[in-house]
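**Student:** There's a structure below that I have some questions on.
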Amino acid sequence: MEQAEYDAARTQWLCEQKALRVLRFSNDQVFDCIEVVLEQILEAVVRKAKAAPIPDPAPVSQGKRGTSTPEVETTTK
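The sequence shown begins at 1 in the UniProt record's numbering and counts up one residue at a time.
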């Protein structure tokens with residue numbers, strides 16, 4: 001299998017099985033245009049963050065005063 005075929009198969013697997021987005025850059029791009037590469041990575045992260053749904057807030061705790069740890073009684077001798 002050629003490198004390009006391997007990369008395409010791996011990208012497809014990562015996207016379908018792991019729900020990841022793959023950004024690929026050549027060594028030349030990284031060495032010669034690192035600022036452009038970093039900008040593209042940042043843009044992808046920002047797009048993903050904007051598209052991500054806002055999770056529901058955590059349920060209200062049953063512990064005292066809204067803490068997540070229930071009250072524990074202690075006794076002294």
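The beta-carbon is built from N, C-alpha and C at its ideal position, and this holds for glycine as well.
Anyone know if the C-beta pair for L23 and I34 falls short of 8 Å?
**Tutor:** Against the sequence shown, residue 23 aligns to sequence position 23. Against the sequence shown, residue 34 aligns to sequence position 34. Contact flag unset, no.
**Student:** Have a look at E5 and K50 and give me their C-alpha separation to the nearest angstrom.
**Tutor:** The residue labelled residue 5 in the question sits at position 5 within the sequence shown. The residue labelled residue 50 in the question sits at position 50 within the sequence shown. Going by the C-alpha atoms only, they are around 32 Å apart.
**Student:** Compute the Euclidean distance between the alpha carbons of K18 and V60, then round it to the nearest angstrom.
**Tutor:** For the purposes of this step, residue 18 is taken as the residue at position 18 of the sequence shown. For the purposes of this step, residue 60 is taken as the residue at position 60 of the sequence shown. Taking the straight line joining both Cα atoms gives about 32 Å.
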